[in-house]
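To keep things clear, I will list the structure first and then write my remarks on it.
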Amino acid sequence: MIVVADILSATIIFAIPLLVVALGGMYSERSGTINIALEGIMIIGALFGCLFLNATDNSGWGGKNPQLAVLLAILIAGAAGLIFSFLLAIASVSLKADQTIGGTALNMFAPAFAIVLTWAIQGQGQTTIGIPNWIPIKLSIFGLKASENPGFFERILFKNFYLTTPIVLLILVVTVFVIYKTRFGLRLRSCGEHPQAADSVGINVYRYRYTGVMISGFLGGIGGLAFTIAAGSGFQSTVAGYGFFALAVMIFGNWHPVRIFGAALFFALFKVIGSYTGSIPFLPSFTGVKSADYIYQMLPYIVTMIVLIFTSKKSRAPKAEGIPYDKSKR
Amino acid sequence: MSDYIVEMLNITKIFPGIKANDDITLQLKKGEVHALLGENGAGKSTLMSVLFGLYQPDGGSIRINGEDVKINNPNDANALNIGMVHQHFMLVEVFSVLDNIILGVEPNSAGVLKRAEARTKIVELSKKYGLSIEPDALIEDVSVGMQQRVEILKMLYRDNEILIFDEPTAVLTPQEIKELMQIMKGLTAEGKSILFITHKLNEIMEVADRCTVLRKGKCIGTVNVADTTVEELSRMMVGRDVQLVIDKKEMAPGKTVLKAEHITVPSRLHKNNAVKDITFDVRAGEIVCLAGIEGNGQSELIYAMTGIEKMSRGKLTLNGTDISKASIRSRSKSGISHIPEDRHKYGLILDYSLADNLVLQRYWEPEFQNRGFIRKAKVRKYAEKLIGQYDVRSGQGADTMVRSMSGGNQQKAIIAREIDKDPELLIAIQPTRGLDIGAIEYIHSQLIAQRDSGKAVLLVSLELDEVMNVSDRILVMYEGEIVGEFKPSEIAVEQLGLYMAGAKRDARKGLSDNEGGEGNT
Amino acid sequence: MKNKIRTFLTSQGMISFIASVASIAIGLIFGYILLVCFNSGQAFNGLGKILFAGASSAEKFSKVLYQAAPLMLTGLSVGFAFRTGLFNIGASGQYTMGTFFALYAGLVLKCPWWAALLAAMLGGAIWGAVPGFCKALFNVNEVITSIMFNWIGMFLVNLLMANIPAMLAPNADRTANLAAANKSGIIPKWGLDTLFGSDYINISIFITILVALIIYLILNKTTFGYELKACGFNRNASIYAGINAKRNIVLSMVIAGALSGLGGGIYYLSGTAQYTIVKSLLAMGFNGIPVALLATSNPIGIIFSSIFVSYIQVGGEAMQPEFAKEIIDIIISVIIYLSAFALLLKGVIRKILSMRKAKQGEGVSQ
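Protein chains in written order, with the working numbering: chain U, 567 to 896; chain W, 51 to 571; chain F, 26 to 391.
Okay, here's the thing in structure tokens:
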């Protein structure tokens with residue numbers, strides 16, 4: 567049972583970054599722009615978020631106000647992602663360039679920039695930014711004492727509890743409301759489905775598409791920080807393809823926030839399951855094979871492929887996504 | 051002051067390479083239905099887009115109720131109570147009717163939508179003007195007629211007083227057109243003023259009070275409809291006398307070229323079949339026309355005949371050979387030529403040169419390639435021959451990138467390519483869509499020339515004029531079946547409309563001789 | 026005469042070339058600004074290294090050519106796919122697969138180098154075919170498939186290598202020394218090493234230039250190329266023309282995969298490089314993208330753009346330890362980003378030209 571609790575806890579912690587980045591991708595695509603640059607945006611968000619956390623750690627202020635520091639780090643990560651995504655918006659919306667070009671450029675820029683900046687700050691050759699150990703939310707915050715032998719629920723909730731989790735879940739709830747119940751959501755969706763129709767009723771399609779991309783930048787940045795926290799070993803200028811995973815999650819979730827949540831949990835489970843082969847009886851552990859954990863590392867990617875094969879035919883993407891909006895072509 | 055509610059004075063609008071509007075003056079009286087007539091490319095849509103704020107004029111001014119105004123975007127137009135129903139509906143398919151109507155003017159409190167409030171107003175308006183709709187249905191599920199009513203309600207919801215209709219009857223049956231005319235009369239009775247863009251003369255005669263004619267960007271004149279005739283309007287529109295009825299000699303059809311038996315094609319959109327057990331034939335020296343409203347199975351039938359989609363049942367015979375299972379290319383080689391319905395999507399590769407497009411159906415032939423290598427010189431020679439023969443005009447001749455050619459010339463290129471193959475059967479789907487009268491005349495003459503030389507032609511058309519004038523035999527399709535077969539001389543347009551709308555059907559279907567036709571309806 | 030010059034200057038090819046050169050110039054300026062930010066004292070030196078290190082000695086230049094060869098192939102891979110309407114972001118995985126097949130052939134089967142290269146093409150082709158099938162049959166976006174397969178490929182190769190002892194060096198974090206295991210597996214040098222005075226050169230650059238020419242021929246002179254491009258430009262119209270679009274999508278990806286795979290073989294059969302068991306995707310595959318974009322996917326242009334990118338990469342290595350060589354990656358990414366502006370520039374020029382024509386009365390139709 568304890569193993570199940572551990573697995574659930576780990577699944578949630580890895581699902582959170584997938585969820586928030588996929589939601590970001592959804593905002594962007596619903597407004598009409600395919601955001602291939604989520605990988606790079608995550609890296610930039612993680613970079614600045616971690617640099618901030620490190621700085622507060624070194625100054626001591628962070629250790630004294632841990633969750634406030636984390637909250638600020640989240641906001642900074644989001645802001646960094648937002649500003650970075652602005653570049654994508656310019657290329658894709660205003661310049662009407664092929665949306666994969668701008669995205670690819672940003673994806674190449676981000677890790678290189680992260681390494682260069684890290685060198686400059688931490689000294690040559692030091693490419694990892696460590697994260698402080700006061701980040702997790704412990705029971706002590708609520709005035710309770712952690713038990714010697716944590717039970718089922720205590721393990722799920724508090725083994726790996728970070729502020730990013732409730733914040734992202736809050737973002738999910740807000741997103742459901744915004745997309746379907748507000749004027750903003752209606753107009754945003756119209757820009758991704760039929761921008762000419764939106765234009766003809768006086769909606770500024772360019773502005774909404776910029777907004778969609780920048781929201782995806784904000785959420786992507788937060789996702790980058792959440793990923794680094796989940797991975798646990800500090801920031802190493804990479805997010806291991808999570809930016810693209812998130813796109814798969816978004817497609818699997820058919821661009822609906824709640825379904826995206828389910829898809830994120832599904833994929834996170836497969837990522838996590840490899841570490842628990844010893845503990846779960848029915849999972850083969852390939853004892854005869856050397857370096858067998860590579861098999862489990864491949865698993866989430868293979869599962870993604872299988873799912874996409876089955877769902878891509880019926881998927882209903884926003885109709886006008888990927889097509890730059892040109893006012894003169896009516 | 052004046053009884054003009056809208057005055058567009060000396061409007062000029064220039065696009066790169068073209069003067070779309072050249073010093074045009076148009077005046078709309080309050081409560082009138084004013085038609086704007088002109089061929090494709092005459093500048094009508096541009097002029098109305100200027101009025102609606104989608105474009106800014108390069109010269110001239112606009113007055114509403116006697117006051118000078120600047121209309122920079124549709125919001126400004128809306129504020130002046132101007133509304134527009136576009137030719138291609140501006141509706142979001144996955145939104146409901148309600149959401150489409152309120153988009154852009156949503157009732158809300160602090161950004162949160164208040165749909166109930168909107169619903170009340172919409173239901174009220176719908177009753178008042180007799181426009182029946184279902185507020186919660188998704189646009190992708192409703193009929194074209196209802197979609198148009200949604201567009202009209204959009205304008206009424208916004209309290210628009212000046213209503214612009216851009217080619218509203220293009221997609222309607224004769225009955226729905228009559229209903230629309232009634233709706234328009236009802237709107238003007240309530241004090242609305244209507245501007246109505248069209249190139250259909252008989253509709254103008256029926257519903258408009260006055261008509262302004264545009265030709266090649268210039269205003270030719272404004273007339274009272276009661277004082278003019280169809281011929282005069284047509285002459286103003288084109289600048290010369292136009293043959294409204296085509297001169298066609300009688301032909302006695304020869305052998306059966308195409309025989310289609312029990313063709314059944316499944317639908318991609320729903321569980322029923324798109325084409326239900328159709329049987330018909332086309333003979334040498336005749337033009338058979340499949341008439342009907344868009345969406346009744348014509349497209350699927352043609353896809354099955356050309357090989358793009360599979361039939362679930364049926365047999366296709368071309369000159370005695372069974373081609374039911376043949377590939378697209380082998381059907382083409384057997385003598386079927388095909389002018390597709392959307393020249394940009396299916397007929398041409400816009401980023402290829404004119405020469406490359408002209409050999410699109412023949413590039414594999416020994417004449418044009420040698421062991422896999424293209425014979426560029428031969429391709430070029432062939433292209434130049436076709437360009438000369440069919441008068442295809444382009445910027446740089448055979449090297450022109452097709453994207454930069456005009457619609458009419460693009461269509462001519464396709465026709466040149468398809469007819470030069472000397473096909474046994476020529477299939478033409480809406481070949482004159484979006485073209486001006488000169489191009490339309492040319493294409494009709496080509497179709498008739500094919501028929502006169504003893505070939506078989508299968509035409510699919512939505513334009514009733516074209517159906518009545520060009521074809522020798524008309525087959526009406528409704529919901530995947532052939533519901534009637536006529537010679538143009540045997541039937542009136544209104545009757546045809548009844549068959550097209552499914553209000554009438556005959557037992558006999560599709561075969562030219564009197565045998566067959568499993569008369570069950 | 027003036028008219029002829031103007032026509033030449035404003036032809037599509039010329040505009041593209043000018044736009045590419047402008048992108049490169051701006052990218053380098055941006056890189057210089059970065060150098061100044063990080064170490065202003067050494068910045069000028071650093072820029073000098075980027076611009077001139079590659080040509081500073083025969084040995085350095087040989088390294089440029091040596092690294093340009095695999096880059097040319099990944100560039101051709103991406104460019105070929107672009108020309109046929111697909112985005113081959115999976116070049117890295119195909120490259121890795123090609124490497125594995127080549128090294129297996131060389132180390133385990135002890136094949137001669139040319140057979141190992143063919144094996145490399147096979148490996149890459151298989152790895153390209155899968156995204157092709159997924160797109161053609163199931164309509165899965167090839168970008169996501171390729172990315173998934175980049176990672177699957179990397180882990181798979183790591184797994185296979187760990188379980189085939191013959192392939193590994195004694196300390197097992199990299200592949201065995203090819204020279205020791207199978208001398209015939211190494212790509213010949215044909216005296217180039219004495220000519221350039223360096224171990225880092227062989228005939229691979231000639232092989233890749235030959236491949237580039239072949240790809241150019243295929244794309245522009247054959248019916249096969251005509252069909253592939255037609256599918257890429259307009260899938261619907263090519264189906265109407267009787268072209269088998271699904272088959273062509275798969276074939277395009279197979280060819281693109283084979284090219285990247287060959288790139289992997291070329292690099293790792295040189296005898297001087299050993300494949301290290303890695304945790305992150307190989308950059309060579311991704312660097313094919315800027316190479317292709319800079320040359321607007323023209324195979325002949327790719328010959329030059331790959332040499333250019335390799336050149337500044339050698340400069341970047343020479344810049345160390347004062348500057349991180351990743352600055353070169355930043356410059357390259359800026360250049361790619363600017364290619365978006367290139368489209369804008371071309372559009373602006375075209376508009377100016379057509380407005381001039383309109384004023385002269387030659388109505389250009391829309």
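Ideal placement from N, C-alpha and C gives every residue a C-beta, glycine not left out.
Interface flag, residue i vs chain W, CB-CB below 8 Å
i: U/GLY668; result: no
i: F/ILE274; result: no
i: F/THR248; result: yes
i: U/GLY768; result: yes
i: U/ALA581; result: no
i: U/ALA663; result: no
Cutoff 8 Å: residue i Cβ touching any chain U Cβ
i: W/GLU143; result: yes
i: W/MET140; result: yes
i: W/ASN128; result: yes
i: W/HIS394; result: no
i: F/VAL168; result: yes
i: W/ASN131; result: no
i: F/ILE314; result: yes
For residue i, three-class secondary structure by DSSP
i: F/LEU306; result: coil
i: W/ALA542; result: coil
i: F/ALA206; result: helix
i: F/ILE54; result: helix
i: W/SER176; result: helix
i: F/ALA44; result: helix
i: W/THR367; result: strand
Residue i to residue j span [Cα, whole Å]
i: W/GLU417; j: F/ASN245; result: 18 Å
i: W/ASN158; j: U/ILE826; result: 28 Å
i: W/ILE244; j: W/LEU283; result: 19 Å
i: U/LEU574; j: U/ILE607; result: 27 Å
i: F/PHE112; j: W/THR306; result: 48 Å
i: W/LEU251; j: W/MET518; result: 16 Å
i: W/LEU59; j: U/GLY768; result: 24 Å
i: F/LEU134; j: F/ALA140; result: 10 Å
i: W/ARG208; j: W/ALA129; result: 9 Å
i: U/THR794; j: U/ALA612; result: 7 Å
i: U/PRO583; j: U/PRO890; result: 28 Å
i: W/GLU544; j: W/MET527; result: 16 Å
i: W/GLU535; j: W/MET301; result: 18 Å
Residue nearest to residue i in terms of C-alpha spacing, selected from the options
i: F/SER364; options: F/SER45, F/ILE40, F/MET39; result: F/SER45
i: U/GLY834; options: U/ASN820, U/ALA858, U/ILE868; result: In the sequence under discussion, the amino acid at residue 834 of chain U is Ala, which differs from the Gly named in the question. When only C-alpha atoms are compared, the closest one is U/ILE868.
i: W/ALA310; options: W/VAL533, W/VAL442, W/ILE352, W/ALA160; result: W/ILE352
i: W/LYS383; options: W/LEU404, W/ALA354, W/TYR413, W/LYS365; result: W/TYR413
i: F/ILE243; options: W/ALA499, W/GLY422, W/VAL144, W/SER176; result: W/GLY422
i: W/ILE490; options: W/ILE465, W/LEU237, W/GLU474; result: W/ILE465
i: U/PHE818; options: U/ALA571, U/THR730, U/LEU589, U/THR577; result: U/LEU589
i: F/LEU142; options: F/ILE291, F/ASN164, F/TYR362; result: F/ILE291
CB contact below 8 Å: residue i versus chain F
i: W/PRO107; result: no
i: W/TYR402; result: yes
i: W/GLY180; result: no
Residue(s) in a DSSP beta bridge with residue i
i: W/LYS79; result: W/TYR54
i: W/PHE423; result: W/ASN420, F/THR247
i: W/ALA341; result: W/SER511, W/VAL526
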